[in-house]
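Residue numbers (my numbering), protein chains in the order written: chain W, 1 to 321; chain V, 1001 to 1322. For every residue, glycine included, the Cβ atom is placed at its ideal position computed from N, Cα and C. Each remark here refers to the structure printed beneath this line.
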Ligand SMILES: Nc1ncnc2c1ncn2[C@@H]1O[C@H](COP(=O)(O)OP(=O)(O)OP(=O)(O)O)[C@@H](O)[C@H]1O
Ligand SMILES: Nc1ncnc2c1ncn2[C@@H]1O[C@H](COP(=O)(O)OP(=O)(O)OP(=O)(O)O)[C@@H](O)[C@H]1O
Ligand code: SF4
Ligand code: SF4
Ligand SMILES: [Mg+2]
Ligand SMILES: [Mg+2]
């Protein structure tokens, strides 16, 4: 049994322009399905506004799903009322993108880490011990140097380590890490990634790693899910997808990303022009068709491609397959 | 032929209530005509400060500024930008000879002004062009960055991130400068848009024979355009090397670490990290500023004496190992 199963999940945000105009929807997540075994890491990749954060927040039940199912440890939590959701809250956690705004500036590191334990009714004596251990685990040592500090007294990398420590201190089974390194310097990124990798392995945490940078995902992910304008366009084992991306959008994402190489300067990258569409009024048919170099006239712009298993365990939604 | 730009021992310190911030501390390099140099380094290493020093946009709290910034131009001959006054810089240099795309500048476009008004303002105000001339120039510049002229009539909020960045680039090239300083020109953009903008920068460079100084903390992005790489660490330039040499054999230990920390997609390698933090620029470490984090630091030497810059097979390195 997978730890987490997501089926045809949809999160639509209603928007109303005028008082009498009909309600329209921002279809931020529009039919996403995947399953994660315990200890697996899924990278969710896509451009800004493609719905990655909304997907993560919906799965954690921080946003109400519009349709579909979320099944955790075999239990359906899609519409469970808040009062019966405590166990799920205690089994999950989130690491945020912005280490500057995700920590309360008025609290000390000690209190920031203690808070989730207080909520779970851990006695004070154990709390102190757990906080020290959590700081050691994210290599904020010696812990005494950090306990009484406020977030503004820490560097960006140190703050993000506090964010990770806070997410892990309650030993969640599943975490959503939303772009945890994208605001950090490259030199610190590597450190945070390896820290997350080692803690994830040590505790067998199942994780959803949200990013727009496939290169960092490589160091964590077992699987990858590519989103474009609210739709999932490709899903499969990380290495298979990177080696042989099937969807033209995934191909473009990979083509766009340079590795350090001095011959890069002599070539132009073959990337599609334009930018992702509005989610209020997405293109008909395949949402990528206005930018796709392979778009089939009369088909891609009319009918929506079905999600199919094009290769073993490797899925895509594109009329080319 | 003299280089287009030559910096000799350039310094720029900020005065703050906590002390003097040595953001640019004795920088020397040469940039040839048509060449692109990337300036890489961690956050706070002084990259933007160096850019502001070159284009002479110094804040009020400058405590000390020194050195020579020699700019060579067919029209002007060799001039020292550090000795020119603001009036001369405005009339002769900024926009016309050297322009800059500022860090996060696409978000700095004035939201209540049409693109046209923002584009022509410096031309009319500082360069004394007529409105008609200025609009023509703006139109032409938009065309070279792949935007239709009706963008002139739009407000920034009506444009996507990629289009706004194209507008900002159009402004930088509209007076046909010789040198464009690009401070993190793609950092707020998605990867595909970033690739499109880098393609555009490559095309513009060839078309107008531009020189670039590209500031970025992303070494992979630097390799997209740089003929040579300059590595900054704590206000100092620790290595300047041709791209072909730098990516195959970086010489300074900090450069080696930066490359090793870079996640790569295609190449199989594990990533390393640089332990420790970037030092304070108010009280930088004595000797080599990298010594507290350097695995090769020589006790009694690296922590005492500052390494001088040496030439080694085409690279310039400041490190006691060489
Ligand atoms: N609470 C909300 N109400 C209305 N629209 C929303 C809400 N939250 C998100 N959206 C919209 O949903 C879409 C998807 O946003 P989301 O933040 O999930 O994207 P993302 O892939 O995480 O983007 P980024 O890479 O920029 O973080 C966007 O168009 C966004 O404006
Ligand atoms: N006006 C100012 N007054 C005082 N200190 C300043 C000022 N501007 C920048 N600094 C300081 O100078 C140092 C260098 O800053 P600078 O912005 O040049 O770095 P950078 O390499 O461009 O960093 P980033 O990659 O984050 O843009 C930093 O310590 C910064 O805090
Ligand atoms: S379905 Fe058509 S438009 Fe969409 S990605 Fe495939 S080929 Fe391109
Ligand atoms: S001078 Fe010494 S401390 Fe500095 S980089 Fe070289 S070996 Fe390391
Ligand atoms: Mg997001
Ligand atoms: Mg900067």
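The beta carbons of residue 169 of chain W and residue 119 of chain W sit about 11 Å from each other, so the pair does not count as a contact at 8 Å. Chain-ordered, the residues whose CB falls short of 7 Å from any heavy atom of ligand 5 come out as W/52, W/53, W/97, W/178, W/179, W/210. Within the DSSP bridge table, the entry for residue 1019 of chain V names V/1016 as partners. Inter-segment contact for the segment 1087-1105 of chain V and the segment 1164-1179 of chain V is present: three or more beta-carbon pairs are separated by less than 8 Å.
Counting along the chain, the unbroken alpha helix (DSSP H) around residue 249 of chain W starts and ends at 248-256. Contact residues of ligand 4 (beta-carbon closer than 5 Å to any heavy atom; chain order) are V/1253, V/1288, V/1290, V/1291, V/1294, V/1296, V/1297, V/1302, V/1307, V/1319, V/1320, V/1321.
Distance from residue 321 of chain W to residue 236 of chain W at the Cβ level is roughly 12 Å; contact not present, criterion being Cβ atoms closer than 8 Å.
Following the DSSP letters along the chain, one finds residue 1065 of chain V inside the beta strand (DSSP E) bounded by residues 1062-1073. If you compare the alpha carbons of W/40, W/55, W/35 with that of residue 211 of chain W, the shortest gap goes to W/55. Judged by DSSP secondary structure, residue 1089 of chain V falls outside any alpha helix (DSSP H); it is assigned neither H nor E. C-alpha of residue 93 of chain W to C-alpha of residue 49 of chain W: approximately 22 Å in a straight line. Residue contact with chain V for residue 191 of chain W: present (Cβ-Cβ distance below 8 Å to some residue of chain V). DSSP lists W/13 as the beta-bridge partner residues of residue 26 of chain W.
Relative to the non-hydrogen atoms of ligand 6, the Cβ of residue 1047 of chain V comes within a distance shorter than 7 Å of at least one. Scanning its chain for C-beta atoms nearer than 7 Å, with the 5 sequence neighbours on each side dropped, one finds around residue 103 of chain W the residues 112, 151, 159, 162, 163, in chain order. The alpha-carbon separation between residue 1226 of chain V and residue 1041 of chain V amounts to approximately 14 Å. Secondary structure of residue 1162 of chain V (DSSP, three-state): helix. Taking 8 Å as the CB threshold, residue 258 of chain W lines the interface with chain V. Cβ atoms of residue 1184 of chain V and residue 1216 of chain V come within 8 Å of each other, at about 6 Å.
Annotation: Cβ neighbours of residue 1191 of chain V in chain W (cutoff 7 Å, chain order): 212, 253, 256, 257. The beta carbon of residue 1253 of chain V sits closer than 6 Å to those of 1294, 1296, all from its chain and outside the five residues before and after it, given in chain order. For residue 56 of chain W, the enclosing alpha helix (DSSP H) has its first and last residue at 52-59.
Checking the 7 Å criterion, the Cβ of residue 1023 of chain V is within range of a heavy atom belonging to ligand 2.
Under the Cβ distance rule, residue 1105 of chain V does not count among the residues neighbouring chain W, no pair being separated by less than 8 Å.
Under DSSP, residue 1134 of chain V forms no beta bridge with any residue. If only complete runs of 4 or more residues are kept, the segment 1219-1252 of chain V shows the alpha helix (DSSP H) at 1219-1222, 1243-1248, in order along the chain. If you draw a straight line from the Cα of residue 1035 of chain V to the Cα of residue 1145 of chain V, it comes to about 20 Å.
In the DSSP assignment, residue 75 of chain W forms a beta bridge with W/72. Given a length threshold of 3 residues, each whole run of the beta strand (DSSP E) inside the segment 271-321 of chain W is given here in chain order: 308-311, 314-316.
Taking the Cβ of residue 1183 of chain V as the reference point, at least one heavy atom of ligand 6 falls within a distance shorter than 7 Å. For residue 1117 of chain V, there is no enclosing beta strand (DSSP E); the residue is part of the alpha helix (DSSP H) that begins and ends at 1115-1125. Within chain W, no residue has its beta carbon less than 7 Å from that of residue 1255 of chain V; the closest one is some 11 Å off.
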